[in-house]
Amino acid sequence: MFDYTEAIFRPAVWCACQNANVPYSPPSRLRLAGLRDHGEQLRRRDAGFLGQYAFEQAKRIAQSLETEE
Numbered sequence: 211m212f213d214y215t216e217a218i219f220r221p222a223v224w225c226a227c228q229n230a231n232v233p234y235s236p237p238s239r240l241r242l243a244g245l246r247d248h249g250e251q252l253r254r255r256d257a258g259f260l261g262q263y264a265f266e267q268a269k270r271i272a273q274s275l276e277t278e279e
């Protein structure tokens, strides 16, 4: 699905966070934040979910995340 592996992605996210002078957020938290903020605009397959139930459950969990300022 993606042209990169987690071993490549995580260090790239860490470097981007360092360059932006913000705390590191793991990819799982970034994904949840994306679902929280844009879940209604995404289709389940675009978000990487095979089943509708899992997608709806993930969106409910994501909505419980607090926005960090």
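Oh and the sequence shown: position 51 is 261 in our numbering, straight run, nothing missing. Glycine is no exception: its CB is placed at the ideal position from the N, C-alpha and C atoms.
N-terminal and C-terminal residue of the alpha helix (DSSP H) that residue i is part of
i: L245; result: 237 to 248
i: R220; result: 216 to 230
Burial state of residue i, where buried means 16 or more other Cβ atoms lie within 10 Å
i: L242; result: buried
i: L245; result: buried
i: A264; result: exposed
i: A217; result: exposed
Reduced DSSP category for residue i - H, G, I as helix; E, B as strand; rest coil
i: A264; result: helix
i: Q251; result: coil
i: Q257; result: It is worth fixing the name first, because residue 257 is Ala in this sequence and not Gln. DSSP places A257 in coil when its eight states are reduced to three.
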